[in-house]
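Below, the structure is given as structure tokens:
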């Protein structure tokens, strides 16, 4: 808002008195009439090669399941922020060594894991869920979850949570499992996964949960579905893109987060778009770069990068390489309020 | 309602005058205070061995795609009815010979096909759908559909439609494809099937249809899902039972019909139950009998039988035989109105 | 379907053998390819002047709350049917004399009452509901309800129920109140009505019912709303028309029936339309006639008439008279299945 | 999380290197395992007597509809924040003088106004809406709205918007009406209000909007409904409380904000409760105080006060005075995600 050329005077110390009364004059609040969203967050990429050594170095600082620190994770924070990879989501790498356990807890934020190396087990509400590279594993809000590592190679995954949103909403509750340690196993291994086929579900009343009943989406299944989907065509903006869905509703896997897998043709840049949702992409295969908000972000296998809201972006996969991108989005946080918008170049 | 012991008299010809006025006294309408539903329909089984010869004999009467009769189908009608296998659904066998076509049309009733012999092609809204034994194929209400038979063996399937309901509702519209014959192919083969994996769907806005976007549920996929589901346990009333679902909603495949596949352990009778929905079962494998409303119905491979509403039933699969039952139900017609009830023995 | 000019012959007695096998050849089932619904039901009007004397005469036959017959009602049946004013709905006049009671019962069909004369009380699920002329009173499916008449004038109302539909669906359960007689009063008088204002509702969780929580819509309130609505314009096909709604959802008052109140300008015919839903109109004020399916139905105050599905109709209110029509419709039975269609002239 | 007693050492400058890599170790992020939400916002009351003079003084600084500043409003910010009365909502007083206009604009945040003094007109999407004291007026997200003041007394209302939430979600778009000034009037005055009665709505398809179609809820109507509701009883925690609802759905008036009117009995303290939603109360009549988070907030007519999330509160209306509280809540922002919790003392 342009300032008046000839401002008239209110009483002495007017604005000081307003401040003392805990009010601010609307006509002086910056940004009130900005035509488009003001976005603090910036594009950024976090690289596997750089961070994995730092993650291993953490093992010299703390032991999982022994010390009080029960998760060995490095949280990526946007350069513009103290916390949060975007304004709503936080991602990071987490490491579990062979023999370690991460004790059971639950919390209001929902979480997803995208497995990047090694193999292990997560237990969610009594259901043991095996984890192999490329698998997507859910630990929805308020579900008890813990991790075990019976294997021999270090296990690393990408964590994705809605913590910045839930904290911003002042709704973050946390609880350790009564008695500590791991929770008992009360359901068959991969119980959720076994119950749902393609367009096929157990007969009878649906479970009354607000998230997908499938706790793990295995890589080989998702990748096969992606290649099948590719037979039906690709989108110039998103390539071939499937969503991991909640089979109870056909909607997003979690009430707060959507997860996708995209296949991009080598050497073919996607067309630019922007939208009010923010996205964290993780490279599930291939290499290339993206132009995000005018910034070039180079990436290769297992790197991840943040696309802030209302920021133009396009992907440029390297020539001759099949590129697969996993992504998580906060789209579900906007849809209930009609706040999602997108613009295509 | 018990009659009065000492009825008083109204004026002369009272009831005749009521009838002439097109009204009936509520206190004389039978059944008004019956505690439970009056069900006309009776249990009945239709047998493959008996009906297939009759179906082949029909080829001496009419040619598909040549004569005006464009579907060679025998409709099973309940012994209590002129039309309708139950009060809401009609089933029957349909035969297409090699080289024949069934021209495109569309209608308000929705239909499903459960393939029993041979192989062929159905086209739905421009999408060619291959049909092999055990496949479930949908031709939802108001979708253009036609059939082709490029193979060498006669093709027979079980038809299931909601015609009795739609006719009862006076909402039955029918239309031949403009110009006649087969519709053009405008989408990839198995387009719907290719788009939906287990808990996986194309990203982006959902198609705005009130039925599943998957037109064929292949046998091998459904059977594999059924055996996986079996790993999570069985129900004493229904065995291991999966529902073919609409991945857009997690609900029934059609707004008017639900379809299921059940696995029964050989030699183990299910416990009896009854409900206000009616069911048509088709034997997808195995043999045995069911006790329905006190009547024993023996069945073997590819037979089908009707379980009327609010009628007790239990299945007794033969010892040593794995039995798989396909079924269609009118449950979706009751749910919107709170009219579904069930009782377990 | 036109018959073949040169029918070929199947084996001897082919069609007899089909009939014996409980199947019918689709190509011989009449109506299969009719382009539009076959509607048996016909337009008809039932007249207050003619029926009220017959209703009073019924008091010579049976006593309410004394004899076993617990409702003194004359059910209007369509000339084409033994039962049912349309194919899904039944309407009729019901009479309660001063001092009489109609004992409590409940049943799967839902019911509405539109008061025409006198005043009295209905109790629904423990809530006493006063009834005055023009009031709409609901007794939803499976709610205990009884009637009392503490007044001095005979009380007559129009009943509307979905009995033909519920019976057709074989889902009709009936139960007398344990111990018989009237149910105890457990809630404040007009509890539901008091809780809901225009766009105003009690704060907190909604009651978990599938019908409106308002049991009575008073005439003066509805009529005032109708005249207010008239200020915003009228529709050439329906006049000024408001719907009685379920404030919990904004939808129909009952899951199976919709109720409306329409205001027609004297001397101005509405334009013709038809739709797959059926309607029973009751004259809440004024006089005139309707052309329904080509038949002229003359009506005056408190008469009611049936408009069958897919039948053209238009209303011609008399010149110089304000006409108000109450109506009930089975539209909710079609919407869940995509079976509603309408056509405007 | 308690620090290790004997921390082991990672490589030199480990935490500095983590910071340089834009990651933070989860085990050092404060608050990660706090059992309950951390709430920055504090209870606070803003007083009519104190602020109205400041608001009038603003007229010496800027002219509505003449200067670039198009709204003369004082925004209350929580003592803990630069912006926002709570973490999601902002409230404040707005003043329009006789003859002034506030030009048309629209924006992603939704707004409500609760009228406190004077009378005037708001136009929303072409519909003129009169405003009198006690009226609630909606200007939903992305609707064109402007204000006029044809009266003679200064008009003051309480504004309530979801700006802090929408800005936090980076979804704030703003647009001035093309050509500037006031928008044309294209609908009848009070069009929405006229269409909806108690459980009564225009027949036919519903408008496709995600907010109430009623733009003004008049005081006399709401107050009458409140007194009627009082006949059905009161809640010990909330008194008699009605919600202004969206008659299209029975839900909240806006997708992001809920509005309520409560009646408290003089001299009777409510019982304490807390919940994860935040609330702004405005005194619509009466006086008293509230204990919020252990702080006593005294209030009288037209004051407003903030109750932060997960903060215990109770109201103590003065003896002998009928107290009516208007309130707005961000409950709708939590419900879609299962983040609403409440605790009763």
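Protein chains in written order, with the numbering used here: chain A, -4 to 340; chain B, -4 to 340; chain C, -4 to 340; chain D, -4 to 340.
We put the CB at the ideal spot given by N, CA and C, even for glycine.
If you're wondering where the values come from, they're calculated on a predicted model, not measured in any experiment.
The DSSP assignment places 235 to 241 as complete runs of the beta strand (DSSP E) inside the region 200 to 257 of chain A, in order along the chain (cut-off: 3 residues). Here residue 78 of chain A carries a coil assignment [DSSP, helix/strand/coil]. Under the three-state reduction of DSSP, residue 163 of chain B is assigned to helix. Excluding the 5 residues flanking it on each side, residue 314 of chain C has same chain C-beta neighbours closer than 8 Å at 261, 262, in chain order. In the displayed model, residue 171 of chain A falls within a strand according to three-state DSSP. At least 8 Å separates the beta-carbon of residue 238 of chain D from that of residue 266 of chain D. Sixteen is the threshold: since fewer than 16 other Cβ atoms of the shown chains lie within 10 Å of the Cβ of residue 7 of chain B, the residue is exposed. Remark: three or more beta-carbon pairs, one from each stretch, lie closer than 8 Å, so the region 206 to 224 of chain A and the region 247 to 254 of chain A are flagged as touching. By the C-beta density criterion, residue 180 of chain A is exposed, having fewer than 16 other C-beta atoms within 10 angstroms.
With 16 or more other Cβ atoms from the protein chains shown falling within 10 Å of its own Cβ, residue 95 of chain B counts as buried. The continuous alpha helix (DSSP H) containing residue 187 of chain A extends over residues 186 to 190. For the region 321 to 333 of chain B, the set of positions with a beta-carbon nearer than 9 Å to some beta-carbon of chain C reads 325, 327, 328, 329, 330, 331, 332, 333 in chain order. Secondary structure of residue 138 of chain C (DSSP, three-state): coil.
Below the 8 Å Cβ cutoff, chain D contributes no neighbours of residue 252 of chain A, its closest Cβ being approximately 10 Å away.
The count of Cβ pairs closer than 8 Å, one atom from the region 281 to 294 of chain D and one from the region 36 to 54 of chain D, reaches three, so the stretches are in contact.
Comparing alpha-carbon positions, the option among A:101, A:202, A:151 lying closest to residue 141 of chain A turns out to be A:101. By the Cβ test, the region 81 to 95 of chain B is not in contact with the region 120 to 129 of chain B, since fewer than three Cβ pairs between them sit closer than 8 Å. Taking each of A:236, A:74, A:139, A:135 in turn and checking the Cα distance to residue 174 of chain A, the smallest one comes out for A:139. By the 16-neighbour rule on beta-carbons within 10 angstroms, residue 255 of chain C is buried. Cβ proximity to chain D below 9 Å picks out 240, 241, 242, 243, 244, 245, 246, 248 from the region 240 to 251 of chain C.
Beta-bridge analysis with DSSP links residue 299 of chain B to B:41, B:277.
Of the candidates B:54, B:242, B:126, the residue whose Cα lies closest to the Cα of residue 213 of chain B is B:126. Using a Cβ-Cβ distance cut-off of 8 Å, the region 270 to 279 of chain C and the region 220 to 228 of chain C are not in contact, since fewer than three pairs of beta carbons, one from each stretch, lie closer than that value. Neighbours of residue 172 of chain D in chain A, taken as residues whose beta carbon is under 7 Å from its own, are absent, since the nearest beta carbon is some 12 Å off. Secondary structure of residue 335 of chain C (DSSP, three-state): coil. Under the DSSP assignment, residue 11 of chain A falls in the alpha helix (DSSP H) whose first and last residues are 9 to 15. Within the same chain, and ignoring the five residues on either side of residue 329 of chain D in sequence, the residues whose Cβ sits closer than 7 Å to its Cβ are 271, 272, 335. Look at residue 71 of chain A: its C-beta is under 8 Å from a C-beta on chain D.
Of the residues assessed, residue 253 of chain D falls on the buried side of the cut-off, its CB having 16 or more other CB atoms within 10 angstroms. Within the region 179 to 196 of chain C, the residues whose Cβ lies closer than 7 Å to some Cβ of chain D are 183, 186, 189, 190, 191, 192, 193, 194, 195, 196, listed in chain order. Counting along the chain, residue 329 of chain D sits inside the alpha helix (DSSP H) bounded by residues 326 to 329. Shown in chain order are the members of the region 12 to 25 of chain B whose Cβ falls below 7 Å from a Cβ of chain C: 12, 13, 16, 17, 18, 19, 20, 21, 22, 24.
DSSP places residue 96 of chain A within a strand segment (E or B) once states are collapsed to three. Under the 8 Å criterion on CB atoms, residue 202 of chain D is classed as non-interfacial with respect to chain A.
For the region 38 to 60 of chain B, the set of positions with a beta-carbon nearer than 7 Å to some beta-carbon of chain C reads 39, 41, 45, 46, 49, 52, 53, 55, 56, 57 in chain order. Taking all protein chains in view, the Cβ of residue 162 of chain C is crowded by 16 or more other Cβ atoms within 10 Å, so the residue is classified as buried.
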